[in-house]
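The structure under discussion appears below in the form of structure tokens.
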Amino acid sequence: MYNISPEGCPLDETIPNQMLSGAGLGAPGFQPEAISGAEDPESYFVKYQEYLATTDDLPAPTRKLKNGNELFSDGKLWGLRDPGGKTILEPQFLYVEQDDEGFVAYTDGTCRYYNGSNGKPLLSQPFLHMERWGAAEFLVRTAGGFGLVLNDQTVIEPKHKSIFRSSNKNRAYYTIGNQYVLLDDFSTIIANPGLTQNYLDQPYFQTSGNIIDTKNKRKLFCDESAFNIELLHPELNLISIQNKKDKAVYLTDPRGNLLTSQAFAGIQMFNSSGIGAAWISAPGNNNQNYLYGLIDTKGNWVIDPQFQSIFLDNGWWLAQTHEGPVKLFQPDGKPAPNRKGAIDKYNTIKLFSPEFALCTVQTGDKSETDIVSLHSGKVLQKMAPYQSIVTVNPQNGPCGKPRYIAKSNEGEQILDESFKPITPVHKRFFYAGNYFEGANFPEGGKIISYYNCSGKPIQVEINGKKEETFLGIKLPNDSITYIQLPDGKPYWVTVHNGAFQMESPLADITPFGVPGLYLVTSPYPPKIGVVNEKGQSVLPMEFRQLSAGNRETGVVRFETLNGNAGLLDNQGKIVNNTLVLRNQIPEIQPLPRRDK
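If you count the sequence shown from 1, you need to add 1497 to reach the working numbering.
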């Protein structure tokens, strides 16, 4: 077919010239842009230092590891000891980050990974930054860029602006600087892989336009521009191949072997039951160009091509007939349960979960919509006044029971697990964590009311007046509420301290690692700061990044809006002035150290 050679063509592993600009496997080293020295970041931390000096709830001086050993602090530095108290590593680290097997430790602006059992470093040299990706696999960062170390051997030179790891079938591949893909044999380079990459059964790897034999370093198609290739199921190893000239689509295995001689006009993704939707050309048939059906993994028709369309929705197959009614099929292609043929009458079926659907029958100018159980075929609610329903809260969610947003001609409202309305109608409804946001849009603005899972409106008292319409609301915990009133004024409201008017609105609030503090983010462009339980500023909104404070160590990682970056100890003092954060490339410079 298509003059494909059984051996394919050699894989060209040459990276195009426009991608090359340095040694190693790709992008060169680079120098960050210089930053202004006018900023004095230490002034940002004065209130934070004062707060820490008055709190008695200090971070724990020890951190347990999975193997029973513990990291311990002498008040300034961290070390490692066994369960009996015998010291394995004397306190020497400014900052530690643990995982199941060991820990990353920072000293003098660099870090290493240490075995949690014996305290020995797994890497022979330190780096500016590292992330553990596997048992002995580390993303590392030097002044030149990112690289990869495996078993203490450099397999990707640290000269790249970015490296991202992806995996399937228990194998990894690496996207280098958005330029090319390197497979986990660290010898196979695939330039211009497109948006799709997948490991198939050994030794095959799929790209957007080809199948690669990684063992023999050959590609199935010599002319990649002539074909569209799609992986139809990662475990079943089913491939669709389309010739761009005649548009015919064939079902094949990774070797390019035809599984059926049937030429399709298209094939969709297969489900876990090994069933996929396919269609063939049928010009002139009921004024339709295509007929749709279902096929199995060998390309045999499970349901003959006869429908106007067919697609997968919430695990069920929905097939549109030429006569009007919709046919519903189970994942394996068998007909759905149908109480006395009740489902056959519906012209449209809109699934809003794997269990329920909104079904409509059209009779002349009149229509009737019902809520139907898919597994029993039973009508649960007749003449439902809704155009659509969306499941917004699964049964194991914060509400404990399902909740739904239902749209009608009047607007939207929340339904409970029995499909009964529990809120008034609003123009739009949104699910916002533990509560629901009902929005109306008067001329020139947006007014919001908030409801809990029972449909009760949330009220907040401001200056003696109960408010229940807002521009925005956040509930960090049971005792704190942040609101923005329709006039734009933001308030931080607590049970014990009442309402405190803030200087500017907030987009997000999360607990900070230090007790009694909250990480706050402004609307776009985002600026980050920290406030106390009263809503008062402790760290100003002058940061681009600010870690949520480590509860065990009290250490905070920061990056200012001007690009200065570093570490704060549990007293709020800068202890590391050369920290490089994961996504600081290429614009970040270390913070100049001021020795006192």
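The beta-carbon is built from N, C-alpha and C at its ideal position, and this holds for glycine as well.
Keep in mind it's a predicted model, so treat the numbers as computed, not measured.
Identify which residue in the options has its Cα closest to the Cα of residue i.
i: H1865; options: K1875, C1608 and Q1884; result: One point to set straight first is that residue 1865 is Glu, not His, in the sequence displayed. Measuring from the Cα of E1865, the nearest candidate turns out to be Q1884.
i: N1615; options: E1820, F1767 and E1598; result: E1598
i: T1559; options: W1575, P1802 and Q1699; result: W1575
i: F1724; options: K1714, T1711 and K1744; result: K1744
i: N1689; options: P1751, N1707 and Y1932; result: N1707
i: D1596; options: D1862, N1612, P1588 and S1946; result: N1612
i: P2022; options: M2038, S2034, G2010 and F2009; result: M2038
i: I2025; options: A1669, G2010, S2044 and R1629; result: S2044
i: G1897; options: L1625, Y1541, G1930 and L1877; result: G1930
i: W1989; options: Q2033, E1628 and K1953; result: Q2033
i: V1678; options: Y1696, D1649 and K1666; result: Y1696
i: E1732; options: I1738, D1698 and N1994; result: D1698
i: Y1979; options: Y1947, G2010 and S1951; result: Y1947
i: G1572; options: D1829, N1564, Y1592 and P1618; result: Y1592
i: C1506; options: R2041, Q1703 and D1720; result: D1720
i: G1830; options: D1801, L1982 and R1662; result: D1801
i: G1773; options: D2066, D1810, F1926 and E1914; result: D1810
i: P2012; options: P1987, N2067, P2020 and E1965; result: N2067
i: M1880; options: V1869, S1873, T1888 and V1889; result: V1869
i: Q1956; options: L1972, G1942 and K1583; result: L1972
i: E1934; options: I1660, E1958, E1965 and S1905; result: E1965
i: L2014; options: D1509, L1508, T1552 and Q1765; result: T1552
What are the partner residues of residue i, as DSSP defines its beta bridges?
i: P1987; result: Q1981
i: F1849; result: Partner(s): none; F1849 has no beta bridge.
i: S1864; result: Q1859
i: E1567; result: K1561 and R1578
i: P2008; result: Y2015
i: R1662; result: Y1671
i: M1627; result: V1637
i: E2109; result: Because residue 2109 is not part of the residues shown, which for the chain are 1498 to 2093, the question remains open.
i: S1614; result: According to DSSP, which records beta bridges pairwise, S1614 is partnered with nothing at all.
i: Q1884; result: Looking at the DSSP assignment, Q1884 forms no beta bridge with any residue, so it has no partner.
i: D2029; result: Checking the sequence, you will find Asn at residue 2029 rather than Asp. Note: N2029 sits in a beta bridge opposite L2014.
i: I1970; result: I1980
i: C1506; result: K1716
i: Y1843; result: Paired residues: none, contrary to the question.
i: D1710; result: Y1701 and R1715
i: F1590; result: W1575
i: Y1603; result: Y1592 and C1608
i: D1810; result: W1813
For residue i, I'd like the list of residues in its chain whose CB is within less than 7 Å of its CB, leaving aside the five on either flank, ordered along the chain.
i: T1991; result: S1976, I1977, E2030 and K2031
i: S1533; result: Since pLDDT at S1533 reaches only 42, below the 50 mark, its modelled position is unreliable, and the value read off the structure follows with that caveat. These residues qualify, in order along the chain: N2059.
i: K1847; result: A1854, L1855 and S1885
i: A1903; result: Y1883, I1886, E1909, Q1910 and L1912
i: E1594; result: F1600 and V1601
i: D1681; result: R1668, A1669 and Y1670
i: T2057; result: E1536, P1538, E2039, F2040 and R2041
i: I1792; result: G1773, A1775, W1798 and V1799
i: G1691; result: T1704, S1705 and G1706
i: T1818; result: F1804, Q1805 and K1824
i: T1662; result: Going by the sequence as given, residue 1662 is Arg instead of Thr. These residues qualify, in order along the chain: W1630, A1669 and Y1671.
Can you list, in chain order, the residues of its chain whose CB lies under 8 Å from that of residue i, leaving out five sequence neighbours each side?
i: I1585; result: N1566, G1576, L1577, R1578, D1579, N1615 and G1616
i: L1871; result: W1813, L1825, A1833, P1834, L1848, P1851, E1852, F1853 and A1854
i: G1821; result: N1844 and Q1859
i: L1755; result: M1498, Y1747, L1748 and T1749
i: G1985; result: L1968 and P2002
i: E1907; result: V1922
i: K1953; result: none
i: P1588; result: F1569, S1570, D1571, K1573, L1574, W1575 and G1576
i: N1994; result: E2030 and K2031
i: I1660; result: L1636, F1643, G1644, L1645, I1653, Y1671, T1672, I1673 and G1674
Report all residues from its chain with a CB closer than 6 Å to the CB of residue i; omit the five preceding and five following residues, and keep chain order.
i: R2091; result: Because the pLDDT at R2091 is just 33, under 50, the model does not fix this residue reliably, and the value given afterwards should be weighed accordingly. Nothing meets the Cβ criterion.
i: G1763; result: V1746 and W1776
i: H1730; result: F1767
i: D2005; result: T2018
i: E1914; result: K1898 and P1899
i: N1648; result: A1633
i: K1795; result: L1756
Between residue i and chain B, is there a C-beta pair that is closer than 7 Å?
i: T1866; result: In the displayed structure, chain B is absent; only one protein chain is listed.
Ignoring anything shorter than 3 residues, give me the beta strand (DSSP E) runs that lie fully in the segment 1723-1762, in order along the chain.
1724-1730, 1735-1740 and 1746-1749
Taking 8 Å as the threshold, find out whether the segment 1537-1551 comes into contact with the segment 1751-1761 through three or more Cβ pairs.
no
Using 8 Å as the Cβ pair cut-off and three pairs as the minimum, do the segment 1616-1628 and the segment 1638-1651 touch?
yes
Could you pull out every unbroken beta strand (DSSP E) segment of at least 3 residues lying fully inside the segment 1910-1954, listed in chain order?
1925-1929, 1932-1937 and 1944-1948
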